[in-house]
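Heads up, this note's numbering is the position in the sequence shown plus 7, with the first residue counted as 1. Remarks on the structure that follows.
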Amino acid sequence: MKEFVQEAHRNGLKVLFDLVYLHCGRGAVFIKDNPDFVVRNEGGTIAVGAEWPFARLNFRNPNLRKYLLENMKTFIKEYDADGFRCDVGDMVPLDFWKESFQALRKIKSDLITLDEGDNPEAVKGIFDLMYSYGWNAKLTAAFSGKLSARVFREYCIEEEKGKYGDNTQKLIRTIDTHDSASNVGLDRYDITMTTRGVEAALVITSTYEGVPFMWNGYEICDNAENCMFSNRNYGRRSEINWSRGFTDDGVRRMEFVKKMHDIVHTCEAVSSGTLEWVDNDAPDEVISYLRIHNDTKVLVAVNSKNKRVKANLRINPKKIYLESGVSLSDAGVSMEPYSYMIAEVIL
């Protein structure tokens, strides 16, 4: 693990360690010496959570909290971890995370913390980042033909913004996670949404306010069954189908991902600008918004459906960052199925 982190750092990457502090196996080694580290029933037997068949850690015990804090310090001091992704973070007491992160930042001031949860209180000065389950579900439903783009927009404006306010900038934007990829079996999005549809959706995850996040394999159009509960010795085959990287779709996707990442890292309007929705007359199909930084305005327009669409968007491009299947005219735009455009515009 130390060698892995070192190699990642040599390649300019940061590594977050996954902390699973909600529960542990009922046969965990430390329970023998610390029987009060886990919650117990009245009869003294180990209490098992309703959601998963594991022993719940006892956060009422201050010694457990100290033990876990030392565990995190070890990962930072000895393994040079850049931060932590906190599994089911919302179900662990928030004051534990707050106190622990305050202590850890005295050791590592640029610590990165990601909460696997959706409690808006967690990103108010405690966690740096958080998942956005509702947003992800609405986005994939829109691009899978199950939901209109209008409903996606309404969710963003009315529900998510109302819940998180300016902290929407701390939410990770993705179309898949370890949970959703495991749940769908062989119905991976590069199959059900088509590879072109996935690319159109990735334009949104990369340019919407928040932090772009990509699940392993999307850089090559992976369509293999994914299951986090299997390994090489147990369960069904569950690994990335790397041969997809040599297909026409896989080669195209890798180039697309490189271009998107370049835009995110070089265009401040996309990475940190404010977001302003842009109306169009095809709201059930077309998602359109501006990212604005100082005098720079970048328009993102995406056809979320697998059909041709015309919209009355008036686009006067100063610079086109990325485009696929979009034709401009005085009448507006003509968009091929799952087409998109990212362009700096003059308004």
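Where is the CB? At the ideal position from N, CA and C, for every residue including glycine.
Exercise. Within its chain, find whatever has a CB closer than 6 Å to the CB of His268; leave out the 5 residues flanking it on each side and keep chain order.
Key: Here the question's residue 268 lines up with position 261 in the sequence shown. Hits under 6 Å: none found.
Quiz item: Mind checking whether the beta-carbon of Lys113 lies closer than 8 Å to any heavy atom of the ligand PLP?
Solution: For the ligand PLP, the structure offers nothing, since it holds no ligand at all.
Quiz item: If we count the other Cβ atoms within 10 Å of its Cβ and call it buried at 16 or more, is Asp183 buried or exposed?
Solution: Start at 1 with the first residue of the sequence shown, and residue 183 comes out as number 176. It counts as buried.
Quiz item: Taking the alpha helix (DSSP H) that Met79 falls in, what are its first and last residues?
Solution: The count along the sequence shown starts at 1 and reaches residue 79 at position 72. Looking at the DSSP string, the run of the alpha helix (DSSP H) that includes Met79 is Pro69 to Lys84.
Practice problem: Give every residue of the same chain whose Cβ lies closer than 6 Å to the Cβ of Ser334, excluding the five residues on either side of it in the sequence, and list them in chain order. | Solution: In the sequence shown, the residue the question calls residue 334 occupies position 327. Excluding positions up to five away in sequence, the list reads Ser341.
Practice problem: Grab the span of the beta strand (DSSP E) containing Ile349 for me, first residue to last. | Solution: The residue you call residue 349 lines up with position 342 of the sequence shown. Taken as a continuous stretch (DSSP letters only), the beta strand (DSSP E) holding Ile349 covers Gly339 to Val352.
Quiz item: Hey, Leu76 and Ala110 are a contact pair by Cβ (cut 8 Å); roughly how many whole angstroms apart?
Solution: The residue given as residue 76 occupies position 69 in the sequence shown. The residue given as residue 110 occupies position 103 in the sequence shown. At roughly 6 Å, the Cβ-Cβ gap stays under 8 Å, so Leu76 and Ala110 are in contact.
Quiz item: When you compare each of Leu329, Ile327 and Val293 to Arg315 by their alpha carbons, which one comes out closest?
Solution: Residue numbering aside, residue 315 sits at position 308 when the sequence shown is read from its first letter. Here the closest residue by C-alpha is Val293.
Practice problem: Mark Ile133 as exposed unless 16 or more other C-beta atoms lie within 10 angstroms of its C-beta, in which case mark it buried. | Solution: By one-based count along the sequence shown, residue 133 stands at place 126. Buried.
Quiz item: Gly257 by DSSP, collapsed to three states: which one?
Solution: For the purposes of this step, residue 257 is identified with residue 250 of the sequence shown, where counting begins at 1. In this structure, Gly257 counts as helix in the three-state DSSP scheme.
Self-check item: At least 3 beta-carbon pairs within less than 8 Å: the stretch 257-268 vs the stretch 213-227
Solution: yes
Practice problem: Report back the beta-carbon spacing between Asn313 and Pro344 to the nearest angstrom; my notes put them in contact at under 8 Å. | Solution: Residue mapping note: residue 313 aligns to position 306 of the sequence shown, counting from 1. Residue mapping note: residue 344 aligns to position 337 of the sequence shown, counting from 1. That pair is a contact at about 5 Å.
Self-check item: Residue span of the beta strand (DSSP E) that contains Gly172, given as start and end
Solution: Here residue 172 refers to the residue found at position 165 of the sequence shown. That residue, Gly172, is in no beta strand (DSSP E); it is neither H nor E in DSSP.
Quiz item: In angstroms, rounded to a whole number, what distance separates the CA positions of Val307 and Lys105?
Solution: Counted from its first residue, the sequence shown places residue 307 at position 300. Counted from its first residue, the sequence shown places residue 105 at position 98. C-alpha separation (whole angstroms): 37 Å.
Quiz item: Nearest CA to the CA of Phe103: which residue from Asp87, Arg72 and Asn126?
Solution: Along the sequence shown, one-based indexing puts residue 103 at 96. Taking only the C-alpha atoms, the option nearest Phe103 is Arg72.
Practice problem: Would you mind reading off the limits of the beta strand (DSSP E) that contains Glu283? | Solution: For the purposes of this step, residue 283 is identified with residue 276 of the sequence shown, where counting begins at 1. That run of the beta strand (DSSP E) goes Thr281 to Trp284.
Exercise. Evaluate Asn287 with the Cβ neighbour count: other Cβ atoms within 10 Å of its Cβ, from every protein chain shown; 16 or more gives buried, anything less gives exposed.
Key: Here residue 287 refers to the residue found at position 280 of the sequence shown. With 16 or more other Cβ atoms within 10 Å, it is buried.
Quiz item: Per DSSP, Arg47 forms a beta bridge with which residues?
Solution: By 1-based counting over the sequence shown, the position of residue 47 is 40. Answer is Ile53, bridged to Arg47.
Quiz item: Phe24 and Phe82 look like a contact to me (Cβ under 8 Å); what is the Cβ gap, rounded to whole Å?
Solution: In the sequence shown, the residue the question calls residue 24 occupies position 17. In the sequence shown, the residue the question calls residue 82 occupies position 75. The Cβ separation is near 5 Å, so the contact holds.
Quiz item: Are the CB atoms of Lys170 and Pro127 nearer to each other than 9 Å?
Solution: Indexing the sequence shown from 1 puts residue 170 at position 163. Indexing the sequence shown from 1 puts residue 127 at position 120. Yes, the pair counts as a contact, with Cβ atoms nearer than the cut-off.
Quiz item: DSSP beta-bridge partners for Glu93?
Solution: Here residue 93 corresponds to residue number 86 of the sequence shown, with the count starting at 1. Residue identity differs from the one stated: residue 93 is Cys in this sequence, not Glu. DSSP lists Leu26 and Asp122 as partners of Cys93.
Quiz item: Hey, out of Ile247, Ile322 and Lys168, whose CA is closest to Arg438's CA?
Solution: The first residue shown for the chain is 8 and the last is 354, placing residue 438 beyond what the model contains.
Quiz prompt | Inter-residue spacing [alpha-carbon to alpha-carbon] between Cys274 and Gly252 | solution = Numbered from 1 along the sequence shown, position 267 holds the residue referred to as residue 274. Numbered from 1 along the sequence shown, position 245 holds the residue referred to as residue 252. Rounded to whole angstroms, Cys274 to Gly252 spans 28 Å at the Cα level.
Quiz prompt | Three-pair Cβ contact test at 8 Å for the stretch 31-50 versus the stretch 107-123 | solution = no
Quiz item: When DSSP builds the beta bridges, which residues end up paired with Asn313?
Solution: For the purposes of this step, residue 313 is taken as residue 306 along the sequence shown, with counting starting at 1. Answer is none; Asn313 lacks a bridge partner.
Quiz item: Can you tell me whether DSSP reads Ile247 as helix, strand or coil?
Solution: Start at 1 with the first residue of the sequence shown, and residue 247 comes out as number 240. Three-state DSSP puts Ile247 in coil, outside helix and strand.
Self-check item: Neighbour-count burial assignment, Ala208, 16 or more Cβ in a 10 Å radius
Solution: Working through the sequence shown from its first residue, we reach residue 208 at position 201. Ala208 is buried by the Cβ-count criterion.
Quiz item: How is Arg17 classed by DSSP in three states: helix, strand or coil?
Solution: In the sequence shown, residue 17 corresponds to position 10, counting from 1. In the structure shown, Arg17 sits in a helix (DSSP, three-state: H, G or I).
Quiz item: Can you tell me the Cα-Cα spacing of Arg92 and Asp40, whole angstroms?
Solution: By one-based count along the sequence shown, residue 92 stands at place 85. By one-based count along the sequence shown, residue 40 stands at place 33. Taking the straight line joining both Cα atoms gives about 27 Å.
Practice problem: Write down the C-beta distance between Leu282 and Arg298 rounded to the nearest angstrom, noting that I regard them as a contact closer than 8 Å. | Solution: Walking along the sequence shown from the start, residue 282 turns up at place 275. Walking along the sequence shown from the start, residue 298 turns up at place 291. Yes, they are in contact, since the Cβ atoms of Leu282 and Arg298 sit about 6 Å apart, within 8 Å.
Quiz item: Excluding the five sequence neighbours on either side, which residues of its own chain have a C-beta within less than 8 Å of the C-beta of Asn323, listed in chain order?
Solution: The residue labelled residue 323 in the question sits at position 316 within the sequence shown. So the qualifying residues of the chain are Val352, Ile353 and Leu354.
Practice problem: Would you decide whether Ile227 is buried or exposed? Buried here means 16 or more other CB atoms lie within 10 Å of its CB. | Solution: The sequence position of residue 227 within the sequence shown is 220, counting from 1. The residue is buried, with at least 16 neighbouring Cβ atoms inside 10 Å.
Exercise. Would you mind working out which of Val271, Ala276, Ser311 and Lys304 sits nearest Ala289, comparing C-alpha positions?
Key: Stepping through the sequence shown from its first residue, residue 289 is reached at position 282. It is Ser311 whose Cα lies nearest to the Cα of Ala289.
Quiz item: Tyr347 and Val130: beta carbons closer than 9 Å?
Solution: One-based indexing of the sequence shown puts residue 347 at position 340. One-based indexing of the sequence shown puts residue 130 at position 123. Taking 9 Å as the Cβ cut-off, Tyr347 and Val130 do not qualify as a contacting pair.
Quiz item: Between Lys21 and the rest of its own chain, which residues show a CB-CB distance below 8 Å, the 5 nearest in sequence each way excluded?
Solution: Position 14 of the sequence shown, counted from the first residue, corresponds to residue 21. Once the five neighbours on either side are set aside, the close Cβ partners of Lys21 are Ala15, Asp89, Gly90 and Ile119.
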